[in-house]
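Q: Position 38 of the sequence shown, counting from 1, maps to 37 under numbering that gives the first Met the number 0, and the rest follow consecutively. Cβ atoms here follow ideal geometry from the backbone N, Cα and C, with glycine treated the same way. Dropping a structure here in structure tokens format, bear with me for questions.
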Amino acid sequence: MALTDQPLEFVPLRGLRFDNRFSSQLSADPEIENTVRQVQKSFFSRVQPTRTASPKLLATSKEVLDIVGISQSEASSEYFTQVFSGNALTDGMDPHAACYGGHQFGNWAGQLGDGRAINLGEVVGTEGEYLMLQLKGAGRTPYSRSGDGRAVLRSSIREFLCSEAMFHLGVPTTRALSLCTTGDQVMRDMFYDGNPAYETGAVVCRVAPSFIRFGNFEIFTSRGQINELEKLLKFVIENHYP
């Protein structure tokens, strides 16, 4: 068994309280192998983050830590860095990548899905709100197509800063919990000019009430899978618009 295929270690993070509605109320992809494929009549695929070589915590948002229930001391622990770089899990997490479709360059592209994002699970925040924790740049999933599932530091810094800035400007958006470098080098063609180069790998943890989007509905509509479409609609109404 390859190192990246081995189950991740479970470590304690006392502040997090999980209630995974999405992955417990909707049906999972029955295929357990993390191979690129067309996922049929399923809302998500269970998949673990890919281990990183030498993760380091660069930044956290104190506001978001408070919202999800993690103390500053716990955020400074090695456990925190391991979990939010994708090297470990904590009790209650149910990591998975969502199946959805979408358009690219003005044309319907069919199945897209979380190609480099992995949802760790839904926590119940300190004020009783549900929040999904998602690692971006956490490795390949069944939806990665030809991608490597990774993210680089420059774009991860931009996402961390801009999401928090937009929130404080009153624009509804994801929040940023943490930013870690991975110790891995990631090949990217920064200027799309045919000159790729290695960049510093990174993982950002995004937080939102839900990562369900129009594409989650569109994939079932495009396939004529009306039963799944109705189940998703019922889930969203009951859990997000009761």
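1. I'd like the span of the beta strand (DSSP E) that includes SER130, first residue to last.
2. Can you list, in chain order, the residues of its chain whose CB lies under 6 Å from that of PRO94, leaving out five sequence neighbours each side?
3. CB-CB under 7 Å to PHE234, same chain, minus the five flanking residues each way: which ones, in chain order?
4. What is the rounded straight-line gap between the Cα of ASN215 and the Cα of SER53?
5. Since ILE117 sits in a beta bridge, which residues does DSSP pair it with?
6. Go ahead and pull the three-state DSSP assignment for GLN224.
7. Would you list the one or two residues that DSSP bridges to PHE9?
8. To the nearest angstrom, how far is the alpha carbon of LEU160 from that of GLU62?
9. If you draw a straight line from the alpha carbon of ALA244 to that of ASN86, how long is it in whole angstroms?
10. Quick check on this structure: which residue in LEU12, ILE66 and LYS135 has the alpha carbon closest to the alpha carbon of TYR78?
11. Tell me which same chain residues have a C-beta within less than 7 Å of the C-beta of VAL35, skipping the five on either side of it?
12. Between the C-alpha atoms of PHE42 and PHE21, what's the straight-line distance to the nearest angstrom?
13. Measuring alpha carbon to alpha carbon, tell me which residue in THR199, TYR191, ASP192 and GLY193 is nearest GLY182.
14. Would you say GLY124 and LEU130 are within 8 Å of each other, going by their C-beta atoms?
15. Specify the secondary structure class of GLN110 as computed by DSSP and reduced to three states.
16. Tell me the residue span of the beta strand (DSSP E) that contains PHE43.
A: Reading from the atomic positions:
1. Within the sequence shown, numbered from 1, the residue matching residue 130 stands at position 131. Sequence inspection shows Leu at residue 130; the Ser mentioned does not correspond to that position. From DSSP, the beta strand (DSSP E) with LEU130 extends over 129-135.
2. Along the sequence shown, one-based indexing puts residue 94 at 95. The answer, listed in chain order, is GLN47, ILE117 and LEU119.
3. As a first step, residue 234 must be located in the sequence shown, where it is residue number 235. Taken in chain order, the residues that qualify are GLN24 and LEU25.
4. Residue numbering aside, residue 215 sits at position 216 when the sequence shown is read from its first letter. Residue numbering aside, residue 53 sits at position 54 when the sequence shown is read from its first letter. If I take the Cα positions, the gap works out to 34 Å.
5. To locate residue 117, count along the sequence shown from 1; it is residue 118. Partner(s): LEU134.
6. Along the sequence shown, one-based indexing puts residue 224 at 225. Coil, per DSSP.
7. The residue you call residue 9 lines up with position 10 of the sequence shown. In the DSSP output, where bridge partners are listed per residue, PHE9 has LEU88.
8. Taking the sequence shown and counting its residues from 1, one reaches residue 160 at position 161. Taking the sequence shown and counting its residues from 1, one reaches residue 62 at position 63. Cα to Cα, the separation comes out at about 13 Å.
9. Nothing can be reported for residue 244, as the shown portion of the chain is limited to 0 through 241.
10. The residue given as residue 78 occupies position 79 in the sequence shown. Cα-wise, what sits closest to TYR78 is LEU12.
11. Your numbering for residue 35 matches position 36 in the sequence shown. Contacts found: PRO141, SER143 and ARG144.
12. Within the sequence shown, numbered from 1, the residue matching residue 42 stands at position 43. Within the sequence shown, numbered from 1, the residue matching residue 21 stands at position 22. Between PHE42 and PHE21, the C-alpha separation is close to 9 Å.
13. Residue numbering aside, residue 182 sits at position 183 when the sequence shown is read from its first letter. Ranking THR199, TYR191, ASP192 and GLY193 by Cα distance to GLY182 puts THR199 first.
14. As a working mapping, residue 124 is identified with position 125 in the sequence shown. As a working mapping, residue 130 is identified with position 131 in the sequence shown. The answer is yes: Cβ separation under 8 Å.
15. The residue given as residue 110 occupies position 111 in the sequence shown. It is a strand residue.
16. Indexing the sequence shown from 1 puts residue 43 at position 44. First-last of the beta strand (DSSP E) with PHE43: 43-45.
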